[in-house]
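Chains as they are written, first to last, in the working numbering: chain A, 3 to 224; chain B, 2 to 559.
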């Protein structure tokens, strides 16, 4: 694992913000036809199923004589019509994202999250996505309490550091357990010691014999 | 099958035979108090008050019932057995006289019911072109969306979609130099049928701004996917994909910069191969040093893929030198009867070269994950999971140990049991987890027990109380946490508090215990279907220090 080096790079913030703003403007400006409407259907998706048995009053759903235009108030109650309630981001998904030519959606849904979503963690974290993620958005806001169940509960200063500082591959989806030996992350601090100089004294491992996780200065020499 | 159910089933079929009846299949839409359920078929499908029905939950068992109310498209069923109602989606059936199944005239508006607003040209007969999609495969006993005849991908107009997101977190501490910040902003977008060939193009990338860990200059542009794929659909069993993408059939092999081919056989089996470079698994994701070829075969028991077993092999070269020989075995059984099984095994072979000096040749299971879960009708269940980790000797740069002695000796095994049980009319939830681990230096474990009270203290909220204890690498720990969540009209609110006593082994009694407090709150806003914003704030107190964090996540879909 690479030794963390604290090195602020202020010059990178501006291009990053520019990328973000441009991305947001693109997301707003490239709204697909009908994309913002509840029914999420537009003429380019092609003809729908015959529905001559639907209520005789076409104006319940259609607007005027334009068969390709639905009333803005038209909604499809997925829970009532299919028995499957859509929650979170699923409630806003395009119909054809799930109901398409790849096969019956029931087959994919029966496989759980992995039936539709790729596994960015390379199948190493198991099939239970909901243990970390929510249906509203994939972004994991906080998982520190889950860390209490591992062999390395986050105590003292460790509880306030970012995930990627210990899990080097976190930003690329690789959350493999990290080496819990102190020097695997704190080699830089070890080499920088001068009072006393740890390396010449041979104090090069097992920092936890003298240091707690609260702060480096609170060492107990034994 | 129970005796009563057999009798009910025989009675249903006897009634059908006597009256020239037809079977009507349906699904449970919703459940309610008083042992009644709503089903998705009604008077227009021939159901009537008094009809006997039989419900068959996915997890097994049967329920008998009788229709007590019908509307045109739904019916209310009273369960004769009482007790817990089957969940939404449960299949059921009833036999109705054939004459009830004849087409009926369109229903007339009920007296007093407001008529919908007429269209501007209401009253004028409007002709529409003939239906081009006749959908002959659909029968009324199927769910509305069953067997929808799709449009061929090549016949569709190009369309696009995706999301833009930004996540920011700033953490600062009072005394120690642990301040850090993180900004992630990215786009995940796709275009379907961009060239009129039914293919799909996808981009998933982001820019990260960090104030620690990396010592390189320049922007950290992370591209997780930039690919184009065709085929692999019901129309075209031969599929291919090029660019940077995740091997969907064998995600264990990771991201690939290259090309992959796969073919689906008539019996549902799939096989394929891939070639390309493996990007580094860090925030730069550089590529070009690790070449790989791989192949897989996926066996399924039938087209529903209730049981799927995959065998895959991968061969890699690092800077032209032979590196990894990997076999991956994966098995998955879907929870059709309540049991959910999943297992993946990574086997590394050392067949020669410098890596043998570390591992001594032969084969080694370097990674294994297996889980078995059970979901009961009551909503209760459990999961038992085992994980084994060893570190393969590779020339490729990895995030694991780098020293040969550590590569050979470091190991990690973990077994965890998670269970939950619902109780009471409010469906409160007991939950717990018991786990144990063993690695190259120590062993330990953790226990958590809690209760999640629904509709407490607000009708739209829940309150979770959990106690925990664990023995880890540096000492032992115990404490408790409280989580209060509330669903609001346009979002949600959650607040979390945890206090723990952390005991460090080997220190003097006056300083070996550390009391640590943590409080965390999130507020989510959903402005319209396309926008979501989550703001979070946290504070962490320990010893004489404290740390504070603030951040947000915003996303727009398009």
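Virtual Cβ for every residue (Gly too), placed ideally from N, Cα, C.
For residue i, return the contacting residues in chain B, with the cut-off set at a CB-CB distance below 7 angstroms.
{"i": "residue 173 of chain A", "result": "209, 223 and 284"}
{"i": "residue 163 of chain A", "result": "179 and 181"}
{"i": "residue 182 of chain A", "result": "474"}
{"i": "residue 170 of chain A", "result": "283 and 400"}
{"i": "residue 211 of chain A", "result": "507"}
Buried or exposed, going by whether 16 or more other CB atoms sit within 10 Å of the CB of residue i?
{"i": "residue 174 of chain A", "result": "buried"}
{"i": "residue 512 of chain B", "result": "exposed"}
{"i": "residue 225 of chain A", "result": "Residue numbering for chain A in the displayed model covers 3 to 224; residue 225 of chain A lies beyond these limits and cannot be assessed."}
{"i": "residue 430 of chain B", "result": "buried"}
{"i": "residue 302 of chain B", "result": "exposed"}
{"i": "residue 143 of chain A", "result": "buried"}
{"i": "residue 239 of chain B", "result": "exposed"}
{"i": "residue 403 of chain B", "result": "exposed"}
Express the C-alpha separation of residue j and residue i in angstroms, rounding to a whole number.
{"i": "residue 210 of chain B", "j": "residue 164 of chain A", "result": "13 angstroms"}
{"i": "residue 199 of chain A", "j": "residue 205 of chain A", "result": "9 angstroms"}
{"i": "residue 473 of chain B", "j": "residue 151 of chain A", "result": "9 angstroms"}
{"i": "residue 283 of chain B", "j": "residue 177 of chain A", "result": "11 angstroms"}
{"i": "residue 183 of chain B", "j": "residue 167 of chain B", "result": "10 angstroms"}
{"i": "residue 307 of chain B", "j": "residue 548 of chain B", "result": "49 angstroms"}
{"i": "residue 536 of chain B", "j": "residue 552 of chain B", "result": "6 angstroms"}
{"i": "residue 189 of chain A", "j": "residue 405 of chain B", "result": "18 angstroms"}
{"i": "residue 1 of chain B", "j": "residue 333 of chain B", "result": "Here chain B comprises residues numbered 2 to 559, so residue 1 of chain B is not present and cannot be evaluated."}
{"i": "residue 228 of chain B", "j": "residue 265 of chain B", "result": "21 angstroms"}
{"i": "residue 256 of chain B", "j": "residue 170 of chain B", "result": "27 angstroms"}
{"i": "residue 185 of chain B", "j": "residue 427 of chain B", "result": "40 angstroms"}
{"i": "residue 604 of chain B", "j": "residue 521 of chain B", "result": "Nothing can be reported for residue 604 of chain B, as the shown portion of chain B is limited to 2 through 559."}
{"i": "residue 347 of chain B", "j": "residue 190 of chain B", "result": "32 angstroms"}
{"i": "residue 208 of chain B", "j": "residue 91 of chain B", "result": "45 angstroms"}
{"i": "residue 349 of chain B", "j": "residue 326 of chain B", "result": "6 angstroms"}
{"i": "residue 46 of chain B", "j": "residue 83 of chain A", "result": "14 angstroms"}
{"i": "residue 130 of chain A", "j": "residue 385 of chain B", "result": "12 angstroms"}
{"i": "residue 399 of chain B", "j": "residue 253 of chain B", "result": "15 angstroms"}
{"i": "residue 470 of chain B", "j": "residue 412 of chain B", "result": "24 angstroms"}
{"i": "residue 290 of chain B", "j": "residue 320 of chain B", "result": "5 angstroms"}
{"i": "residue 459 of chain B", "j": "residue 382 of chain B", "result": "26 angstroms"}
{"i": "residue 369 of chain B", "j": "residue 49 of chain B", "result": "54 angstroms"}
{"i": "residue 96 of chain B", "j": "residue 86 of chain B", "result": "21 angstroms"}
Need the endpoints of the alpha helix (DSSP H) that residue i sits in, please.
{"i": "residue 379 of chain B", "result": "No alpha helix (DSSP H) holds residue 379 of chain B; DSSP gives it neither H nor E."}
{"i": "residue 186 of chain A", "result": "185–194"}
{"i": "residue 357 of chain B", "result": "357–360"}
{"i": "residue 409 of chain B", "result": "405–410"}
{"i": "residue 66 of chain B", "result": "Where residue 66 of chain B is concerned, there is no enclosing alpha helix (DSSP H), although the beta strand (DSSP E) it sits in stretches over 64–71."}
{"i": "residue 149 of chain A", "result": "146–149"}
For the beta strand (DSSP E) that contains residue i, what are its first and last residues?
{"i": "residue 182 of chain B", "result": "181–193"}
{"i": "residue 488 of chain B", "result": "476–489"}
{"i": "residue 202 of chain A", "result": "Not the beta strand (DSSP E): residue 202 of chain A falls in the alpha helix (DSSP H), residues 200–203."}
{"i": "residue 541 of chain B", "result": "532–543"}
{"i": "residue 84 of chain A", "result": "Where residue 84 of chain A is concerned, there is no enclosing beta strand (DSSP E), although the alpha helix (DSSP H) it sits in stretches over 80–84."}
{"i": "residue 230 of chain B", "result": "221–231"}
{"i": "residue 98 of chain B", "result": "92–98"}
{"i": "residue 202 of chain B", "result": "201–211"}
{"i": "residue 526 of chain B", "result": "514–529"}
{"i": "residue 197 of chain A", "result": "That residue, residue 197 of chain A, is in no beta strand (DSSP E); it is neither H nor E in DSSP."}
So which residues on chain A does residue i lean against when the C-beta distance must stay under 9 angstroms?
{"i": "residue 29 of chain B", "result": "85"}
{"i": "residue 172 of chain B", "result": "162, 163 and 164"}
{"i": "residue 554 of chain B", "result": "139, 141 and 143"}
Could you work out which residues of chain B lie near residue i, taking near to mean beta carbons separated by less than 8 angstroms?
{"i": "residue 30 of chain A", "result": "557 and 559"}
{"i": "residue 113 of chain A", "result": "306, 333 and 335"}
{"i": "residue 125 of chain A", "result": "252, 253, 331, 345 and 370"}
{"i": "residue 89 of chain A", "result": "Within chain B, no residue comes near residue 89 of chain A; the closest Cβ sits about 11 angstroms away, beyond 8 angstroms."}
Whose Cβ in chain A lies nearer than 8 angstroms to the Cβ of residue i?
{"i": "residue 188 of chain B", "result": "25, 28 and 29"}
{"i": "residue 386 of chain B", "result": "128"}
What does residue i reach in chain A if we use C-beta pairs closer than 7 angstroms?
{"i": "residue 436 of chain B", "result": "151"}
{"i": "residue 533 of chain B", "result": "138 and 139"}
Going along the stretch 190–206 of chain A in order, which residues come within less than 7 angstroms of chain B, judged by CB to CB distance? none
With 7 angstroms as the limit, tell me which residues of the stretch 474–502 of chain B have their beta carbon closer than that to any beta carbon of chain C; keep them in chain order. Reference to chain C is not applicable here, since the protein chains of this structure are A and B.
Please identify, using Cβ separations under 9 angstroms, the residues of the stretch 394–406 of chain B that lie next to chain A, in order along the chain. 399, 400, 401, 402 and 403
When you check each C-beta in the stretch 136–153 of chain A against every C-beta of chain B, which residues fall closer than 8 angstroms? 138, 139, 141, 143, 144, 146, 147, 150, 151, 152 and 153
What residues in the stretch 516–528 of chain B have a beta carbon less than 9 angstroms from any beta carbon of chain A? 517, 519, 521, 523, 525 and 527
Chain A contacts from the stretch 64–92 of chain B (Cβ-Cβ distance under 7 angstroms): 89 and 90
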